[in-house]
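Here is the structure we will look at.
Residue numbers (the numbering used here): 119 to 447.
Pasting the structure below:
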């Protein structure tokens, strides 16, 4: 989008009524004919703009897009979202964000895409990524923490996602260890963090972390692959109303920013506390399946400071679980 058209769009969003062509002309330092051309460009991009003689222009509706201009006007974050990159299609936003981070992209850079051809889930699983329906998002962070602390950021992402869902829909999501967000037991969002680090034992440190977040916003039941249709859902299915993807993204980035600032100042304590409050397994009996090994059964006793699952056995001993799939009994 041309910068002048983006500025006109911001004017529309700041006004509750009409904005005169003369005012836009003066503010932008361009002719009224040029203003009209930029208005026409906005209409061509899917924006409904009303024009009334002697009154000016006003914005009636916006397309459901993840364009940077749509997201940035709704951000109040300080760091996350300082640069927004939206792609029509990509293999995965994590892949693109990783590439940008290796090239030196700044902390807080956010990559979104309208469609992913190879969306990634945990343990190499595929994340269904149809065009124009959901949020596929990756955030570049450069925290000054040790590599073993990086998994804590997965829990931060989960809390931010749950908050954004509550704020935009009124639904009550729960979090499943380690990286799923559920509504009524069905997966609505997944998280996949990736890291570049130096681990030579002398100068261990993180180069960057990619927070990968996928949220099913406006998928319908027939869009889910057959093997996913029952355990997965979308905010549209659960709430009965279509979600503005740009608005949801802005809410999510704002919450990520707040939580990340707190994490840098106070560590994992606050994130861990809220994550446990939102966990679907609190105080309940669970079974942990771990890739071909025998299932482990016990009482969910929370997570430790590294994010490992704590499983209490009948004899009172507590086992620390680093990976696996959890099912509540």
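Think of the CB as a built atom: it goes at the ideal place given N, C-alpha and C, for glycine as much as any other residue.
These numbers come from a predicted model, not from an experiment.
Short Cβ contact (8 Å threshold) for residue i with residue j
| i | j | result |
| --- | --- | --- |
| residue 298 | residue 290 | no |
| residue 272 | residue 296 | yes |
| residue 251 | residue 325 | no |
| residue 231 | residue 205 | yes |
| residue 234 | residue 210 | yes |
| residue 430 | residue 417 | yes |
| residue 381 | residue 274 | yes |
| residue 341 | residue 249 | no |
Assumed close pair residue i, residue j - CB separation to whole angstroms, cut-off 8 Å
| i | j | result |
| --- | --- | --- |
| residue 309 | residue 334 | Wrong, their Cβ atoms sit about 13 Å apart, outside the cutoff. |
| residue 181 | residue 164 | 3 Å |
| residue 363 | residue 253 | 6 Å |
| residue 423 | residue 386 | 6 Å |
Classification of residue i by the beta-carbon crowding that lies within 10 angstroms, buried from 16 upward
| i | result |
| --- | --- |
| residue 375 | buried |
| residue 170 | exposed |
| residue 347 | In this predicted model, residue 347 has a pLDDT of only 49, less than 50, meaning its place in the structure is not dependable; the value taken from the coordinates is given anyway. With fewer than 16 Cβ atoms within 10 Å of its Cβ, residue 347 is classed as exposed. |
| residue 214 | buried |
| residue 153 | buried |
| residue 399 | buried |
Whole-angstrom distance between residue j and residue i, CA atom to CA atom
| i | j | result |
| --- | --- | --- |
| residue 137 | residue 124 | 15 Å |
| residue 241 | residue 383 | Reliability fails at residue 241, whose pLDDT of 49 lies under 50, so the model's placement of it is uncertain and no value is given. |
| residue 407 | residue 443 | 5 Å |
| residue 261 | residue 201 | 17 Å |
| residue 145 | residue 166 | 22 Å |
| residue 323 | residue 339 | 43 Å |
| residue 433 | residue 270 | 29 Å |
| residue 307 | residue 172 | 48 Å |
| residue 130 | residue 156 | 13 Å |
| residue 159 | residue 393 | 45 Å |
| residue 286 | residue 349 | 22 Å |
| residue 356 | residue 288 | 11 Å |
| residue 225 | residue 147 | 34 Å |
| residue 372 | residue 128 | 19 Å |
| residue 435 | residue 419 | 11 Å |
Residue from the options with nearest C-alpha to residue i
| i | options | result |
| --- | --- | --- |
| residue 178 | 185, 257, 133 | 133 |
| residue 446 | 313, 302, 358 | 302 |
| residue 195 | 388, 342, 227 | 227 |
| residue 414 | 427, 423, 422 | 427 |
| residue 449 | 173, 314, 441 | Beyond the ends of the chain as shown, which are 119 and 447, falls residue 449; an answer cannot be given. |
| residue 329 | 276, 364, 372, 293 | 276 |
| residue 191 | 162, 368, 332, 438 | 368 |
| residue 150 | 162, 126, 217, 161 | 126 |
| residue 331 | 212, 176, 141 | 212 |
| residue 143 | 161, 135, 175 | 175 |
| residue 184 | 152, 229, 222, 220 | 229 |
| residue 405 | 360, 294, 161, 318 | 294 |
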